[in-house]
Amino acid sequence: MAKELGDRVHTLSKACDLRNQKFGNADVIEALSDDRINFIGIHGIGGVGKTTLVIKIGKRAKLEKFFDEVVIVVVSQNPDIKRIQDQITCMLGFTRLIDQPNEIERANMLCARLKDVKKILVILDDVWAKLNLAVVGIPFGDDHQGCKIIITTRREQVCSSMGMERERINIVHLDVLSEEDSWDLFRKNVGNVVDSNVVNAIANEVCKECGGLPIALVTVGSAMKGKDDPDLWNKEAWELRKSEPTNIESVDQEVYRSLELSYDYLQDEEAKVCFLVCSLFPKDFNILIEGLVRHEMGLRLLKNVDTVQEARGRAKSVINNLIDSCLLLVSDE
């Protein structure tokens, strides 16, 4: 994964570590320490912080050597088995799978490689339906007692359907933030301007419109950072109330409204266009900056640039703007 902006970004918004994640973190760490538990399902609505939580857990598990290996892969709504296998093998440094075209043989080879690891944690993020672990090549249960699985999903029944032995499953529900924690996170992103008598009441109203979702609180808070004009805040509250989310299952109402508002507040038209270009890529796709530059140059979206070097510099500036607005996230892939 990329280590700096010059490599890749993807269209997810960042969240924050607050009480819902602290409680969830404690539950998951306890389950990881329990030898009787081999499957942990984390479920909650979109934008509540499931991905942020498992990334932190994965890092902690690796840092504190709970496991010999920790791998995390994104599954998404339309699972691509080969891509999932490739992500796992890449993280393990296992190159023999790359040139193997046969699906069954790939699964067998991956399974054998994972069995070589005495204790391994496999984190499957954004699972929408039951995933056949054997088809992927992930040994589980009696097939590999040292392998523990964590999944994140919006659907509790997915957790139940994937855990083979009911007594060895631990299901964690990640809820939205309380009003108090929502305000703390919102204020952290907006700044102490919300403490002024002029905007405090309307800022509280805007905060409540975010529905306790970290992704919405961070996105809207970043869009309103440092703004002390009450008219702007009233406009914000009105915009959030009137926004019409789509009927797509994967789009939650508060998330849609917060992203729309953050997009509307972008003052740089090139940043708006760049975000729209990024939105054409599949969900959870890691976008190469170089590829994005070529797209923008080919579509003549960057004005007054004559060379690829100039375009790259402009694109990085625009992308930094989108990252600061919490509309893009730096990929670590």
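Per UniProt numbering, the very first residue in the sequence shown carries number 1; after that it's consecutive.
Each residue gets a CB set at the ideal place from its N, CA and C atoms; glycine is no exception.
Predicted, not measured: the structure shown is a model, and the values here were computed from it.
Could you compute how far the alpha carbon of Trp183 sits from the alpha carbon of Asn204? By one-based count along the sequence shown, residue 183 stands at place 183. By one-based count along the sequence shown, residue 204 stands at place 204. Each residue's alpha carbon lies about 7 Å from the other.
Rounded Cβ spacing between Leu97 and Gln87 (contact assumed at less than 8 Å): To locate residue 97, count along the sequence shown from 1; it is residue 97. To locate residue 87, count along the sequence shown from 1; it is residue 87. Wrong, their Cβ atoms sit about 11 Å apart, outside the cutoff.
Euclidean distance between Cα positions of Ile289 and Lys316: As a working mapping, residue 289 is identified with position 289 in the sequence shown. As a working mapping, residue 316 is identified with position 316 in the sequence shown. Answer to the nearest angstrom: the Cα atoms are 8 Å apart.
Could you tell me whether the Cβ atoms of Val330 and Ala311 are closer together than 8 Å? Within the sequence shown, residue 330 is the residue found at index 330, counting from 1. Within the sequence shown, residue 311 is the residue found at index 311, counting from 1. Contact flag unset, no.
On the premise that Ala223 lies in contact with Tyr265, defined as a C-beta separation below 8 Å, what is that separation, rounded to the nearest angstrom? By one-based count along the sequence shown, residue 265 stands at place 265. By one-based count along the sequence shown, residue 223 stands at place 223. That pair is a contact at about 4 Å.
Selected residue, minimal CA-CA separation from Lys225, among Lys59, Asp34, Arg168, Val206: Position 225 of the sequence shown, counted from the start, is the residue given in the question as residue 225. For the residues Lys59, Asp34, Arg168, Val206, the minimum Cα distance to Lys225 belongs to Val206.
Counting Cβ pairs, one atom from each stretch, are 3 or more of them under 8 Å apart for the stretch 133-149 and the stretch 44-51? no
Three-way DSSP call (helix, strand, coil) for His295 in this model: For the purposes of this step, residue 295 is identified with residue 295 of the sequence shown, where counting begins at 1. In this structure, His295 counts as helix in the three-state DSSP scheme.
Taking Ala273 as part of the alpha helix (DSSP H), name the residues at either end of that continuous run. Looking up residue 273 in the sequence shown gives position 273. A small fix is needed here, since residue 273 is Val in this sequence, not Ala. Taken as a continuous stretch (DSSP letters only), the alpha helix (DSSP H) holding Val273 covers 269-278.
Do Val73 and Leu32 come within 8 Å of each other at the CB atom, strictly closer than that value? By 1-based counting over the sequence shown, the position of residue 32 is 32. By 1-based counting over the sequence shown, the position of residue 73 is 73. Cβ atoms of Leu32 and Val73: not closer than 8 Å.
Taking 8 Å as the threshold, find out whether the stretch 50-68 comes into contact with the stretch 94-111 through three or more Cβ pairs. no
Buried or exposed: which applies to Thr152, given that a residue is buried once 16 or more other Cβ atoms fall within 10 Å of its Cβ? The residue labelled residue 152 in the question sits at position 152 within the sequence shown. So Thr152 ends up on the buried side.
I think Lys130 touches Ser161, with their Cβ atoms under 8 Å apart; what is that distance to the nearest whole Å? Within the sequence shown, residue 130 is the residue found at index 130, counting from 1. Within the sequence shown, residue 161 is the residue found at index 161, counting from 1. Contact flag correct, Cβ pair sits at about 4 Å.
Determine the contact status of Val127 and Val75, defining contact as a CB-CB distance below 8 Å. Position 127 of the sequence shown, counted from the start, is the residue given in the question as residue 127. Position 75 of the sequence shown, counted from the start, is the residue given in the question as residue 75. Yes, Cβ-Cβ distance for Val127 and Val75 is below 8 Å.
Let's see if you can read the secondary structure: which residues bound the alpha helix (DSSP H) around Val136? By 1-based counting over the sequence shown, the position of residue 136 is 136. 133-136 is the span of the alpha helix (DSSP H), which, as asked, contains Val136.
Judging by CA-CA distance, which residue of Asn234, Val218, Gln100 is the nearest neighbour of Lys188? The sequence position of residue 188 within the sequence shown is 188, counting from 1. For Lys188, the nearest C-alpha among the options comes from Val218.
Helix, strand or coil: how does DSSP classify Ser160 here? Taking the first residue of the sequence shown as position 1, residue 160 is located at position 160. Note: Ser160 maps to helix in three-state DSSP.
Backbone CA spacing between Glu270 and Phe281 [nearest angstrom]: Numbered from its first residue, the sequence shown carries residue 270 at position 270. Numbered from its first residue, the sequence shown carries residue 281 at position 281. Roughly 18 Å between the two C-alpha positions.
Length at least 4, wholly inside the stretch 141-207: the alpha helix (DSSP H) runs in chain order: 156-162, 179-190
Looking only at its chain, what residues have a beta carbon closer than 6 Å to the beta carbon of Gly221, apart from the 5 residues adjacent to it on each side? Looking up residue 221 in the sequence shown gives position 221. Contacts found: Phe186, Asn189, Val190.
Tell me the DSSP bridge mates of Gly46? By 1-based counting over the sequence shown, the position of residue 46 is 46. DSSP lists no partner for Gly46.
Arg241 classed as buried or exposed, judged by whether at least 16 other C-beta atoms fall within 10 angstroms: Against the sequence shown, residue 241 aligns to sequence position 241. Under this definition Arg241 is an exposed residue.
For Asp268 and Val305, I'd like the C-alpha separation in whole angstroms. Indexing the sequence shown from 1 puts residue 268 at position 268. Indexing the sequence shown from 1 puts residue 305 at position 305. If I take the Cα positions, the gap works out to 16 Å.
Collapsed DSSP secondary structure at Leu121 in the structure displayed: Here residue 121 is taken as the residue at index 121 of the sequence shown, counted from 1. Strand, per DSSP.
Pick from Asn234, Ala216, Gln145: whose alpha carbon is nearest that of Asp116? Start at 1 with the first residue of the sequence shown, and residue 116 comes out as number 116. Asp116 has its Cα closest to that of Gln145, out of Asn234, Ala216, Gln145.
Around the Cβ of Ala201, are there at least 16 other Cβ atoms within 10 angstroms (buried) or fewer (exposed)? Start at 1 with the first residue of the sequence shown, and residue 201 comes out as number 201. So Ala201 ends up on the exposed side.
Helix, strand or coil: which one does DSSP assign to Gly41? Working through the sequence shown from its first residue, we reach residue 41 at position 41. Residue state, collapsed to three classes: strand.
If you compare alpha carbons, which of Val176, Ile55, Ala107 is closest to Ala134? Mapped onto the sequence shown, residue 134 falls at position 134. Of Val176, Ile55, Ala107, the residue nearest in Cα terms is Ala107.
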